[in-house]
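Protein chains in written order, with numbering that gives the first Met the number 0: chain A, 0 to 378; chain B, 0 to 524.
Positions of the beta carbon are idealized from the N, C-alpha and C atoms, including for glycine.
A quick note: this is a predicted structure, and the numbers were derived from the prediction, not measured.
Written below as structure tokens is the structure these notes are about.
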Amino acid sequence: MTTYNLLQNYWWLIMSVLGALLVFLLMVQGGQSMLIHYGKPDKRALLINSMGRKWELTYTTLVTFGGAFFASFPLFYSTSFGGAYWLWMLILFSFVIQAISYEYRSKPGNIYGSRFYDTLLLINGIVGPVLLGVAVATMFFGAEFTVTKSNILNVQGSSISQWGPKHGIEAIFYWKNLLFGVMVFFLARTLASLYFINNIDDAEVNASQRHLLLINAGVFVPLFIAVVVVILTSPGVGYDDGGNMEWVAYKYLKNFLAMWWALVILLIGVVMVLYGIGKTLMKGDYKQGIWPAGIGTVLVVLTLFWVMGYNNTAYLPSLLDVQSSLTLRNSSSSEFTLTVMSIVSILVPFVLAYIAYCWYKMDHRKLTSDELDQTDHKY
Amino acid sequence: MEELINVVDWSRAQFALTAIYHWLFVPLTLGLGVIVAIMETIYLKTKSEKWLATTKFWMTIFGVNFAIGVATGLILEFEFGTNWSNYSWFVGDIFGAPLAVEGILAFFMESTFIAVMFFGWKKVSPKFHLAATWLTAIGASLSAFWILVANAWMQFPTGCEFNPATMRNEMTSFAAVALSPMALSKFFHTVLSAWALAGVFVCGVCGWMMLKKRNLDHCWRSLKVGAWVGVIGIVLTMITGDTSAVTVAKYQPMKLAAMEGLYQGQEGQSIVAFGILNPSKQAFDEQDPYLFDISIPYGLSFLATHNYKAFVPGIEDIIRGVSIDAEGNRLNTVPYDERMEHGRQLQELLAQYSTAMKSGNTLMTDSLKGTINADFKYFGYGYLDAPEEAIPNVPLTFYTFHFMVTVGGYLLLFLLLALLFVYKPDILNKAKWAKWWHILAIITIPLTYLCSASGWIVAEVGRQPWTIQDLMPNKVAISDLSAGYVQTTFWIFAVVFTALLIADIGIICKQISKKSQTNLDTVND
């Protein structure tokens, strides 16, 4: 394997980490989707203020995920974003309306009213996870596009990436993608319940969240099993050393078998998620379930990204022209850029360390209604 | 073709709309972040609760403004992919890196420490809190640095080489990209102008409160910091503006010519202090470019080269291939019609390269590569239909440039006076015209925003038709979308962002009004 190939693999690892952290942090969206269950203003305020201290991390991870994809695999950025236009635009709109809602909802002079912003949070809470899930699912199940780099020489302005006429709408209504998206949504809600149980010191919220955890986890677990079965039985696109691509039956299952260590990590992740959920449901005073479940989620998503891109697999298969499929080899930045970015990535552990430290400092005392009454900055 | 033009126009309109909305909020974040951090530093040093109250007052406004800046900024980053997909591949190897570094180094810093800044008063130590406030402000400026590096690279592509095998530009020097003269002048000019804007904002808000005779001590405290930051900001903005002009003259002479409405340059070129453009003027038609103008002799030569005798090329000179070298000496380069020819030949060579590569003819690809790279600087001209297509919108560039400079000069005077009143408050307190000063301070806020937006219009309209200077015109950079799709999202953005702007202004005004009615002066020290 050449240095260039190693760098491409390394950057796929970074993308996997960012993607996994993003899925974990979608608990904020999951929490927003639960606002519908809380009519009392004081309880609703507790939930919103609890999530309100984390929403920027989710948002920033999404932005960094996009920026890092642009830097490391620009052909994906060019093809998926420009092609699945409506899918990405709906995702972006849902995050735009989230960004202002926390800050504006309870401020005097808020001309649209708190309920309006709470509705925006609810929309983002549902649309965000489902459609991000759909977008990631296209990377397993393929999309309708072709790539012809020499199109750039066409003075009439043909784009190098051509997508089907529905520009992402078709991806939203493909059952496999939608199944994946709905699974992510219920995962986000499950993690949100675990987070609230850990972060909010309020008996009523605690009891209601344990009840919601039972329901959401009850839906999530079968959905997750269904998604795993669908992925493992789906074909994927493989390529040889010359870059020639072809559809391969059970490609992702074969990848797990070829990368046994990824399968082990997947199983560890699944066990940790189930442990976090199970122990929280069974022990009424246990509040730390978010940590095993969160770490487990990160591990599971990591392995899904690995089988999606490693072992000579196209991470965005083309349903129209298999040779147009995007791989780590044909879509990445140059060796020089990946090297420069790799040097920058040395700072990532430092960034994670100060985020963890600040999270600890801010959350070691749990959120209560009293604290909200006393603070002069609340959502 | 007509459909294509519509897609290009709507894509440009959408990017312009979202960028201008974003820029309405960013400068206040950049400048107010520093002001709040300075105020908190004074509070920690003096332990004065009054300074704490003042810090929290401005911090609340910072928070409201920050949120909408974040919301409008998200779209911009992803729009490079959604609407400009050819561009994303053609230069993603270079352009993507600053965006990724921005995310890793700046966004996480901002988003982590802003939570501590707002919610950590009783959860972390005062020193940790102050550090968080400073890190939020520094994170915002770091973010500005990296995105301006990316923008500057589009204006002055450097540190890269075209790779015909991948059909894209690839980075060869990160330092050349990150530290190019265009990037540095753009960063300092932009961020320092944001300090000036925030200084004016503080003066304007305090002017309103003083007009209402509310919390006067709080106002004087605020003004002490706001006026200093504003004065430092505007003075340095002017100095870096001078550097920017020299940089533009060197690397984007067409933009400079459009800024001045200059069609035929000369040695010892004057600068237009005030002018009305002849609306029917076209390049090479011999009409006078101005209906009326008042000019300062030798001004443009001095501004562009620091040599009052130097030659400054006009639009027609540049199209004919006349430019200047680094010392400001007249220089003959390749005329635009020849550049177009070179560009078209390059496209043919690239097509041959592509065919040779597919057939594995390495002898052919090796021999073509050298030829392609030698002339690649003219690649974008091959897409132009006529040399005149390379002329930007002269009236828009001219008027926004002159508006920016005029208002900038006024802001220097205004902020210096504000600083004088901070140290000699009796002048203002005893003056019969004090009320008019306060009103002027309020009016100056929107004027400064218009000035700031004008600067961006000059920078972006002045470099048209290029998405990447000389290498890629807009019409080649776009995604494969229909005009109707982009038109739809344009109007959605227009409605959503306008609604958010109305909400933002409403909340900020209410916050100022409400908080100004609570007594910020009687808190015990």
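Between the CA atoms of residue j and residue i - distance to the nearest angstrom
i                 : j                 : result
Met0 of chain A   : Ala164 of chain B : 21 Å
Tyr194 of chain A : Asp240 of chain A : 45 Å
Val234 of chain B : Leu43 of chain B  : 28 Å
Glu39 of chain B  : Phe127 of chain B : 12 Å
Ile276 of chain A : Leu89 of chain A  : 31 Å
Glu397 of chain B : Thr111 of chain B : A small correction: the amino acid at residue 397 of chain B is Phe; Glu does not occupy that position in the sequence shown. Those two C-alpha atoms are separated by around 42 Å.
Trp57 of chain B  : Val35 of chain B  : 6 Å
Ser221 of chain B : Lys49 of chain B  : 11 Å
Ala476 of chain B : Phe413 of chain B : 43 Å
Gly407 of chain B : Met339 of chain B : 39 Å
Val133 of chain A : Thr354 of chain B : 37 Å
Val192 of chain A : Leu211 of chain A : In the sequence as displayed, the identity of residue 192 of chain A is Ser instead of Val. Taking the straight line joining both Cα atoms gives about 7 Å.
Gln510 of chain B : Thr59 of chain B  : 8 Å
Leu61 of chain A  : Tyr353 of chain A : 18 Å
Tyr422 of chain B : Thr399 of chain B : 34 Å
Asp524 of chain B : Asp216 of chain B : Only weak support exists for where Asp524 of chain B lies, its pLDDT of 40 falling under 50; the coordinates are left without a value.
Leu273 of chain A : Ala292 of chain A : 7 Å
Gly158 of chain B : Asp469 of chain B : 15 Å
Gly225 of chain B : Val199 of chain B : 7 Å
Leu566 of chain B : Val115 of chain B : Past the boundaries of the shown model lies residue 566 of chain B; chain B is included only from 0 to 524, so the question cannot be answered.
Whole-Å CB distance - residue i paired with residue j, under 8 Å assumed
i                 : j                 : result
Val230 of chain B : Leu415 of chain B : 6 Å
Arg11 of chain B  : Lys254 of chain B : Incorrect: roughly 17 Å between the Cβ atoms, too far for contact.
Ala70 of chain A  : Ala99 of chain B  : 4 Å
Leu45 of chain A  : Asp201 of chain A : 6 Å
Ile103 of chain B : Thr63 of chain A  : 6 Å
Ala136 of chain A : Leu25 of chain A  : Contact doesn't hold; Cβ gap of about 15 Å is too wide.
Tyr309 of chain A : Asn48 of chain A  : About 41 Å separates the two Cβ atoms, so there is no contact after all.
Ile93 of chain B  : Val176 of chain B : 6 Å
Val183 of chain A : Val129 of chain A : 7 Å
Gly350 of chain A : Phe65 of chain B  : Note on residue identity: the sequence assigns Val, not Gly, to residue 350 of chain A. That belief does not hold up - the Cβ atoms of Val350 of chain A and Phe65 of chain B are roughly 20 Å apart, past 8 Å.
Limits of the beta strand (DSSP E) - the one that residue i falls within
i                 : result
Asn162 of chain B : Cys159 to Asn162
Gly237 of chain A : Gly235 to Tyr238
Glu76 of chain B  : Glu76 of chain B -> not in any beta strand (DSSP E); alpha helix (DSSP H) instead, spanning Glu48 to Thr81.
Glu245 of chain A : Met244 to Val247
Val271 of chain B : Ile270 to Leu276
Phe144 of chain A : Phe144 to Val146
Ser322 of chain B : Val321 to Ile323
Trp465 of chain B : Trp465 to Ile467
Arg329 of chain B : Arg329 to Asn331
Interface residues of chain B facing residue i [CB-CB closer than 9 Å]
i                 : result
Asp375 of chain A : Lys55, Thr59 and Trp120
Lys360 of chain A : Val115, Gly119, Lys122, Val123 and Phe127
Lys148 of chain A : Trp88, Thr165, Met166, Arg167 and Ser353
Tyr103 of chain A : Val63, Ala66, Ile67, Leu499, Ala502, Asp503 and Ile506
Contact list for residue i against chain A, beta-carbon separation under 7 Å
i                 : result
Thr81 of chain B  : Phe80, Gly81, Tyr84, Trp87 and Met88
Val406 of chain B : Going along chain A, no residue has its Cβ under 7 Å from Val406 of chain B, so there is no contact; the nearest lies around 29 Å.
Leu141 of chain B : Neighbours of Leu141 of chain B on chain A: none; closest Cβ ~12 Å, over 7 Å.
Cβ-heavy atom distance, residue i to the ligand MG, below 8 Å
i                 : result
Met166 of chain B : Within the structure as shown, the ligand MG is missing, as the structure has no ligands at all.
Under 8 Å by beta carbon: chain A residues contacting residue i
i                 : result
Gly505 of chain B : Gly108, Asn109 and Ile110
Glu101 of chain B : Gly66
Gln510 of chain B : Lys106, Pro107 and Gly108
Residue i - containing alpha helix (DSSP H), residue span
i                 : result
Asp292 of chain B : Asp292 of chain B -> not in any alpha helix (DSSP H); beta strand (DSSP E) instead, spanning Tyr289 to Ile295.
Met403 of chain B : Val393 to Tyr422
Leu446 of chain B : Ala433 to Val460
Ser531 of chain B : Because chain B spans 0 through 524 in this model, residue 531 of chain B falls outside it and cannot be assessed.
Arg343 of chain B : Tyr335 to Lys357
Gln281 of chain B : No alpha helix (DSSP H) contains Gln281 of chain B, which DSSP labels as neither H nor E.
Trp358 of chain A : Val347 to Asp362
Proximal chain A residues relative to residue i, where beta-carbon distance stays under 9 Å
i                : result
Glu76 of chain B : Val62, Gly65, Gly66 and Phe69
Chain B contact residues for residue i, given Cβ-Cβ distances below 8 Å
i                 : result
Glu143 of chain A : Residues of chain B passing the Cβ test: none, with the nearest at roughly 12 Å.
Glu203 of chain A : The premise fails here: Glu203 of chain A is roughly 23 Å from chain B at the closest Cβ pair, so nothing lies under 8 Å.
Within chain B, partners of residue i - CB distance below 7 Å
i                 : result
Gln161 of chain A : Asp479
Val347 of chain A : Ile103
Any chance you could list the beta strand (DSSP E) runs of at least 3 consecutive residues sitting entirely within the stretch 79 to 141 of chain A, in chain order?
none
Can you list, in chain order, the stretches of the alpha helix (DSSP H) that have 4 or more residues and sit fully within the stretch 216 to 295 of chain A?
250 to 257 and 259 to 281
Going residue by residue through the stretch 5 to 74 of chain A, where are the continuous alpha helix (DSSP H) segments of at least 4 residues, counting only ones entirely within it?
26 to 31, 40 to 51 and 54 to 71
Counting only runs that start and end within the stretch 155 to 219 of chain B, where is the beta strand (DSSP E) found for 3 or more residues in a row?
159 to 162 and 167 to 170
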